[in-house]
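Worksheet for the structure shown next.
Protein chains: 2
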Amino acid sequence: MKPSVVMIEPNGHFCSDCAVRGAAVCSSLDAAELREFEHLGRRVHFDGGETVFSEEDITTSFYNVLEGVMRLYKLLPDGRRQIVGFALPGDFLGMNISGRHNFSADAIGVVTVCQFAKAPFGRFIEDRPQLLKRINELAIRELSQARDHMVLLGRRSADEKVATFLLGWRERLVALKGLSDTVPLPMSRQDIADYLGLTIETVSRTFTKLERHGVIEIIHGGISLLDPARAEALAAA
Amino acid sequence: MKPSVVMIEPNGHFCSDCAVRGAAVCSSLDAAELREFEHLGRRVHFDGGETVFSEEDITTSFYNVLEGVMRLYKLLPDGRRQIVGFALPGDFLGMNISGRHNFSADAIGVVTVCQFAKAPFGRFIEDRPQLLKRINELAIRELSQARDHMVLLGRRSADEKVATFLLGWRERLVALKGLSDTVPLPMSRQDIADYLGLTIETVSRTFTKLERHGVIEIIHGGISLLDPARAEALAAA
DNA sequence: AAAGCCAATTGACTCAGATCAAATTTGAGT
DNA sequence: ACTCAAATTTGATCTGAGTCAATTGGCTTT
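Residue numbers (my numbering), protein chains in the order written: chain A, 1 to 237; chain B, 238 to 474.
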């Protein structure tokens, strides 16, 4: 949204003490490779609402999310928006065939990424099939998630969509931060609506309904999952 | 659907005279590699309606479509179906992380595939980063298409969905067989509905409406695109 | 603490697309 | 050509989610 004011940490970044080391692309590299890799990426910070890249932009960098949440979305000419995913720490962004990012990415709250210039990264990958394999794995995993989301968008009711989203989001946070029934939702209701192919009003009403039925409690900045079993039942339908 | 009666050509297959050579995964291999590759795959035929693999199946093979059209779909427990894509010659199927196909694949009409057992294919790929790179490209291209389809499913009207589908399908056939305003539609109306997140009735009505407005003509086994420009306008909206 | 602002909720009403129900067309088998 | 089953089209009606319009609630600013 607003002009990107980016702070670049001049040098104080080390893969060895990186939060996502092990989960991200770099998990495929050994200690020696990692030391070389370190020089390719630089940590960059974004504030909430800032756009990291836009769909029509020529791809000049790849990004490894280290911290925070991003919304990934596409816009129709008339302004309708579809959020195609939320990126969390460990996610790798920027791979494409066309030479352009085919979706836009905004920071939701403060975000730190590890940014790689395209050309050097491409050269580095050239003689490291392990890294390519890792990137391929990430792409295939995302493809599978994308297909699941198509099912949700095309064939599920509003109630099912919201329940499925809450469970899926919780699942991702569990994998990242461990189990908790308190589920922070850093994205807005509008973001959730645009992710689920609904309107903001329908999302709000569905949240209220789930709360009335004792499935969730709406808390500040998120929800508390009171009855996971019932939520699962709603999601499966 | 019906039990799979599969005919395996004992030996008469050569990559060098393969229809999709150049477009498919094998385009990344040189002549020598191709000769070795030849022994890994075997051509298998399926009749219309036969299931090539199911979503819950453990993946034991990869498939390279040589001829015909397949529907790729996921089912909800209650039987609702979402078609996540149609596979055409040159498409490569079976890559996944979970060890299972995460969607099912049926032949629509007669289909020929080049089938590779998972383990030997995996071994072959191991020392051929070019092939891995090619597979990665295909995955990334599919991911981009999947995101486009999410936009369609989540944010487009029935009219836009149908117009977008017809143009996109034509585009794929053009790339495969050259330009023509006659667009064969081997899949049923139900397939189209399940691909677009609509009902069969809505698809049928929309076809009729497009014909009334002179945008298309409904012909046997397909449509004729009378007014591509108007179709584009409807699709963009 | 009052004012202003934006996000979220709630309510009333509408409508695009679903559902239910026949026709009608198509195709395969005899 | 004739029969039966399946696919498609068409019509009538219904409804889940959208639209439009206030309110409410939380923050920030003054």
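Quick reminder that beta carbons are idealized off the backbone N, C-alpha and C, glycines included.
When Cβ pairs closer than 8 Å are counted between the two stretches, the region 47-56 of chain A is seen not to touch the region 342-361 of chain B, the count staying below three. DSSP links D343(B) through a beta bridge to T288(B), R308(B).
Under the three-state reduction of DSSP, F251(B) is assigned to coil, being neither helix nor strand. CA-to-CA, the gap between E397(B) and V174(A) works out to about 38 Å. Annotation: Cβ neighbours of Q319(B) in chain A (cutoff 7 Å, chain order): M150, V151, G154, R155. Straight-line measurement puts the Cα of V321(B) at about 25 Å from the Cα of R170(A). Listed in chain order, the positions of the region 128-139 of chain A with a beta carbon within less than 8 Å of a beta carbon of chain B are P129, L132, K133, I135, N136, E137, A139. Within chain B, no residue has its beta carbon less than 7 Å from that of R189(A); the closest one is some 16 Å off.
The alpha carbon of G221(A) has as its nearest neighbour, out of V113(A), A107(A), L185(A), E142(A), the alpha carbon of L185(A).
Three or more beta-carbon pairs drawn from the region 106-115 of chain A and the region 35-47 of chain A are found closer than 8 Å, and the two stretches are therefore classed as touching.
Between the alpha carbons of D428(B) and A32(A) lies a gap of roughly 52 Å.
In chain order, R384, V388 make up the part of chain B whose C-beta sits under 7 Å from the C-beta of K74(A). Around the beta carbon of R123(A), fewer than 16 other beta carbons lie within 10 angstroms, which makes this residue exposed.
Along the region 429-462 of chain B, the positions whose C-beta sits under 9 Å from a C-beta of chain A are D431, Y432, L433, G434, L435, read in chain order. Listed in chain order, the positions of the region 102-116 of chain A with a beta carbon within less than 9 Å of a beta carbon of chain B are N102, F103. Close to D315(B), with beta-carbon spacing below 8 Å, are these residues of chain A in chain order: A237. Against chain B, the beta carbon of L143(A) has neighbours under 7 Å at A376, E379, L380, A383, listed in chain order. Cβ contact annotation for S28(A) (same chain, cutoff 6 Å, sequence separation greater than five): Q130, L131, R134, in chain order. Proximity of M70(A) to chain B, defined by a Cβ-Cβ separation below 8 Å, is not satisfied. Annotation for L313(B): no beta strand (DSSP E) segment contains it, and DSSP assigns it neither H nor E.
Non-local C-beta neighbours of D294(B) in its own chain, meaning closer than 7 Å and more than five positions away in sequence, comprise R337, H338, ordered along the chain. For T419(B), the uninterrupted beta strand (DSSP E) run begins and ends at 419-421, by DSSP. The Cβ-Cβ distance between G316(B) and N301(B) does not fall below 8 Å.
Judged by their CB atoms, A256(B) and M307(B) are not nearer to each other than the 8 Å cut-off.
Cβ-Cβ distances below 6 Å link T439(B) to A395 in the same chain, with the five nearest sequence neighbours on each side left out; the list follows chain order.
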